[in-house]
Amino acid sequence: MSNTLLNINMITREAVRLWVNTNSFLQHIDTQYDDQFAITGAKIGQSLRVRLPNDYTVRTGPVAQIQDTTETNTTLTLATQKGVDVSFNSAERTMTLDDYSKRVLAPAVNNLVGAVAADIMSGVEGGVSNLVGNFDAAGNLLRPTLDTWLQAKALLSLRSAPTDNRKFILDPVSMARTVQSLSGLLNPATEISEQYRTGEVYNAIGFDWFEDQTVIKHTTGTYVVGVSPTVNGANQTGTSINVTIGASSFTVGDIITFAGVNAVNRITKVSTGELQQFVVTSYAGGVLGIYPAIVPPVGGSPVQYQTVTASPANGAAIVSLTLTGQVYRKNIAFVPDAVTMATADLEMPKNMQEVARERMDGVSLRMVTGFDIKSDQFITRLDVLYGYVWVRPEWAVVVADII
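Under my numbering, the sequence shown has 544 at position 272, and the numbering climbs by one with no breaks.
Dropping the structure here:
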């Protein structure tokens, strides 16, 4: 029986199928396809606005206290085009789709998906401010225990994250450690059997568990012992704070607290009794960029989008949750709506050998083939245009694991 020549539509459909099923992290975030570019095609730099949930305060008593609806939004920019380029001769195009998928397409898509996942995971640095860890009395970070994972669950609830569809994404080493540490702790026999068979935690303590090689490894900045950085000026709010750091240094992704600044439950606006955690987003010229914004009550009354019980006092100590220079894995607990990736249809170029676009589960890929007559090579490029934004990073928690 003669072989059938593969066509670009078949190959592109297979590429999208492989994409959707390749990476654990990308499988469990919010993915969206924007159809406004379906006809003309999208270009790098086009932006989409993502509306954030509204927030209100609650009155007591019968007298109405009218408050404005102050809608907030964030911008998701289609900022990145990534692709993989391959060439093959006319004889190779006579392979079966299964052979082509295994030998050529799967490795290409796997590397492309991994690069996109790593890009989106990098948003944890300077984005996710919540951290839990297993620390000894001297502040040294240890391996996570069951208590550490349960702390992550509690912190998500305190940040008003939805209670269903929660996920853990673990570095492979953290997964191996966790399977060993949790294997005998009151798990159903079927779950223990699944862990033994796959080498991974499957479902436990209200989370689905997955491993991924893109988990961030973070190195804490330098904090000089006995000379803590301090706040420079009282009553500061927002995402930029004047500070005095002396010989210390901040690294983007460091997670810190300010003395006397407690977190509030985002629904009730009541103090959680614990210091609010902030992630460092930038540092330059004595100005520290942080997330979330410092939004205190006004005149002792709660306000919309309140995050803390009070602004830091002048001279308030700034404390890093991890020791100076400490290197650790940033495993994350999250709900899918914490982060959104959007893709759009790229332009379909004319006068090419073959062009195809396919979409599946919020992902759009384009494949283009041109022929080089000198080398008898079909040169094929596979492209994705995407953007991402950590829409609700408070709905994610770093679970630190020492390296």
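Cβ coordinates follow ideal geometry from the N, Cα and C atoms, glycine included.
Decide if M639 is buried, meaning its Cβ has at least 16 other Cβ atoms within 10 Å, or exposed. buried
D484 burial status per 10 Å Cβ neighbour count (16 or more: buried): buried
8 Å contact criterion, which R438 and A605 should meet: CB distance rounded: 7 Å
Quick check on the burial criterion: 16 or more other C-beta atoms within 10 angstroms. Buried or exposed for S520? buried
Could you check which residue in P334, G642, G355 and H300 has the C-alpha nearest to that of D655? G355
For F297, does the three-state DSSP call read helix, strand or coil? helix
Closer than 6 Å by C-beta to L298: which residues in its own chain qualify, once you throw out the five before and the five after it? Chain order, please. A389
Out of V580, N603, D526 and S647, state which residue places its alpha-carbon closest to the alpha-carbon of S446. N603
Simplified DSSP state of V580, which is helix, strand or coil: strand
Use the C-beta contact count for I392: other C-beta atoms within 10 angstroms, 16 or more gives buried, fewer gives exposed. buried
Can you tell me whether M613 is buried or exposed, with buried defined as 16 or more other CB within 10 angstroms of its CB? buried
Enumerated in chain order, which unbroken segments of the beta strand (DSSP E) with a length of 3 residues or greater are wholly contained in the region 602 to 648? 612 to 616, 626 to 632 and 635 to 644
For the alpha helix (DSSP H) that contains L430, what are its first and last residues? L418 to L430
Compare the Cα-Cα distances from M632 to each of I283, N279, V292 and I280 and report the closest residue. V292
By alpha-carbon positions, which one of I441, A628 and L657 ends up nearest to F479? I441
Starting from the C-beta of L458, find all residues in its chain whose C-beta is less than 8 Å away, skip the five residues before and the five after it, and write them out in chain order. At L458, the pLDDT of 49 sits below 50, so the modelled position is not reliable; the number obtained from the coordinates is stated separately. Nothing meets the Cβ criterion.
Tell me which same chain residues have a C-beta within less than 6 Å of the C-beta of L595, skipping the five on either side of it? G411
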